[in-house]
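The sequence shown begins at 5 in our numbering and counts up one residue at a time.
Take a look at the structure set out below.
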Amino acid sequence: MLKTKRKSSEDNSGASKKKKVQFNESKNNPKENDFTKKENRDYNQEKKKMKNKLNGDMKTKPPKPELNKKASKFGAQSGKFIKSSKGKFSKVGNATVKPNLAKGKSTKEQEHTEKPKWAEMKKEKKNLRLIRRKAKATAEIFEISHKAKLLSAQIQRKVVKQEFRMKACKELHCLLKGQYKSIALTHDLSRVIQVLLKHSPEDIKNEITEELLDIMVQMMQSKYAQHAVKRIMKYGTDFIRHEVIKKLFGHIVSLATHTISAPVLDYAYGEFATKKEKIYMQQEFYGEIYKNSKDDKLKTLSDAYKGTPEMKTAILQACKANIQKILDKNLHDSELFQTVLYDYIRECTPEDKVELISTLSPLIVPLSNSLPGVNTASICVWQGTNKDKKTILKVVKEHVVSLSKHKTAYRLLITIFDAVDDTVLVKKAIISTLASNLKDIAKDHWGKMVLHWLVKPKDPAAFHPSFIKFLEDGAKSGTSKKDAELRVSELREAILPILKKDMESEPEFWLSNKANFLLTVAVLSIETSKEILEALAKVICQSDWVIKIEDKEVLAVEDAGIHMCLKKLACLDNGRPEGTLGEVMCDHLNDDAIKVWIPTNRGCFFLLKLIENNEEEIANKLIKKIKTHSNLIKQQSSEGAKLLLQKIRK
């Protein structure tokens, strides 16, 4: 233990005041020592040095500012300055002192304080990292790793010439050849492999992939190496892609239930797998028996027990267990999983189906990302309880716009319109959002399909017969009890007035392409008004009415789709005593438009349809206008011109 002696001496100022100083020694010497009140400054400094020597980690107190010391001495000797309680000196007599005590630092200390040099600090940290890596790895491996990273950085530069890039790729490949397996799972060198797989020529890509084939499953489950597998799939040849997929057989279920590998497997399944490979992947969900052996005849789950009905229960249980594993890990946004799920939900027992629908109802939106997934979602809507349907509508409400514009998810909304009896809730949850985003949805092809179904369900002009049959068959197996016509009319009244108002205010938009025009015809076939027909006729009768197709302007009446819609619109006049298109066309059709239409075959056929589908009075008005251009019609050789000429001569 360190022993200290007591010493006393007068301080430099000669002041008679005494002070008591205490300090704690190290953990080995916890005692505290009291010193005499009269100690000189040199002794204190010596003691502090000794203490710092014993306890290196203990901080010393900063020395008092020089100005304070001088002021104290001067004040003690002359008595001209007195120290206030706030630590400031005030004037006594003719002298003044202004000490700088900002934050306990003297003027000299503040002048010598420098800003931290961040660039130097970063450089030091980088050097420290290199030193640590050198210590962990052997000198040879470290040098290879360092050189590989430098080369990959050069290869990725956009300004590099292709010739230099190819040369650098070959050099980098020669450097790493034979070591790809050992570096593929590392966080830094796996990036180097990705660079090679993207930029190198085919022969190098093939050599890298062949070396990595044996560890492909481990790579897919690796946080870093999974990106290299995606690069192989994206930039590799068809042969290499299918070789990789072959290596995955036997591990499909484990990869589908792994958080990292599941998206990579779905990428391979959706983008590159052949129909046969897809079936092989699905078979592994049907039980362990199909893990190592595949059957070309087995295409769906029902085929697995077609010849052996006693195996049905075991196969369904195995499939259910695999599906449950994926649902437990929230990896349901996968086309492979959704295909297996659609097969299972059609074949499982009613009890299992009820339980599964209850589980899938909150997941209805991500399920709609693929065709088998949206078919599964449709079954949930048809056969779910009222509670399940309310859950589905609650989830769908937040994604109405995005669902209506998706290539498969729009079918879910149509199924809801066709199967849910609570039309008040459907209007509130879905149709109100569609109405408030009408133009945005109408610009999209799939969005127009949703609007078209609300206006005119099962219209063969807009919907494929197979889709209509799918909905009809599903409705038969569903729980809906409401009359279909009543449901349609209740939903239609929520959207039709808004569509009519918009068509009247912006007719150019609704006549700009075939799909928009087809929806316009559907609306007018249900309910029409003279105001809408006049707005449309003003656009149709313009001599310079053109539409854009692939950034090219085409005369509207010459376009096949627009011509078909014009004829459908003209046919709606048949049987209507008033408020027809022919009636308003008589007021707006001018000579300029007729001169543009007659030289075209389709323009002549449109005029002919207007005459044929209107009453005699209106037909005569149209004939009178066209007759003035008989000479022009005679000059045409088209079939439409010949028929039109015969019509106006009668």
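All C-beta atoms, glycine included, are put in the ideal place defined by N, C-alpha and C.
Length-filtered (4 minimum) alpha helix (DSSP H) runs lying within the stretch 359-421: 368-371, 375-387, 390-400, 404-408
Where the alpha helix (DSSP H) containing Lys625 begins and where it ends: 620-631
Ala123 versus Arg133 - alpha carbon distance: 15 Å
Ser641 at chain B interface by Cβ criterion, 8 Å: Within the model displayed, chain B is absent; a lone protein chain is all it includes.
Beta-carbon proximity list for Ser642, same chain, < 6 Å, skipping 5 on both sides: Asn605
Cβ-based burial, Thr632 [other Cβ within 10 Å; buried from 16]: exposed
Contained alpha helix (DSSP H) runs [length at least 4] in the stretch 211-283, N- to C-terminal order: 220-224, 230-239, 242-252, 256-260, 265-275
Own chain partners of His567 with C-beta closer than 8 Å, once the 5 adjacent residues on each side are dropped: Val561, Arg606, Phe609, Phe610
Where His449 falls, given that 16 or more other Cβ within 10 Å makes a residue buried: exposed
Assigned secondary structure, Lys552 (DSSP; H/G/I helix, E/B strand, else coil): strand
Within 8 Å, strictly: CB atoms of His203 and Ile159: yes
Three CB pairs or more closer than 8 Å across the stretch 505-518 and the stretch 474-492: no
Cross-strand partners of Glu124 (DSSP beta bridge): Note: Glu124 sits in no beta bridge, so no partner.
Nearest-angstrom Cα separation, counted from Phe471 out to Leu429: 25 Å
For Lys473, the first and last residue of its enclosing alpha helix (DSSP H): 469-480
Contact the stretch 449-467 vs the stretch 385-396: 3+ CB pairs below 8 Å: no
Unbroken stretches of the alpha helix (DSSP H), 4 residues or longer, contained in the stretch 316-341: 316-332
Burial state of Ile530, where buried means 16 or more other Cβ atoms lie within 10 Å: exposed
Touching by the beta-carbon criterion (3+ pairs, under 8 Å), the stretch 432-440 and the stretch 523-537: no
CB contact flag (Phe289, Val344, <8 Å): yes
Selected residue, minimal CA-CA separation from Ile445, among Arg350, Ala229, His410, Leu475: His410
Leu490 versus Leu458, Gln639, Gly583, residue with shortest Cα-Cα distance: Leu458
Cβ pair Leu305, Glu351 closer than 8 Å: yes
Proximity of Thr213 and Ile236 at Cβ, strictly below 8 Å: yes
DSSP state of Glu3 mapped onto helix, strand, coil: Residue 3 is absent from the model: the chain starts at 5 and stops at 654.
For Tyr239 and Thr190, believed in contact at Cβ under 8 Å, the rounded distance: Not a contact, Cβ separation roughly 21 Å.
Through-space distance from Tyr346 to Asn379, alpha-carbon basis: 7 Å
Where Asn605 falls: helix, strand or coil (DSSP): helix
Straight-line Cα distance separating Ile256 from Glu281: 11 Å
Gln650 in three-state terms, based on DSSP: helix
Alpha helix (DSSP H) segment containing Ser641, residue limits: Here Ser641 belongs to no alpha helix (DSSP H), and DSSP marks it neither H nor E.
Same chain, Cβ closer than 8 Å to Ile264, neighbours up to 5 away in sequence not counted: Met224, Gln225, Ser226, Lys227, Gln230
Extent of the continuous alpha helix (DSSP H) to which Leu302 belongs: Per DSSP, Leu302 belongs to no alpha helix (DSSP H) and is neither H nor E.
Range of the contiguous alpha helix (DSSP H) that encloses Glu175: 166-180
Pick from Ser440, Val543, Cys575 that is closest to Leu612, judged by C-alpha positions: Cys575
Ala597 and Gln546 closer than 8 Å at C-beta: yes
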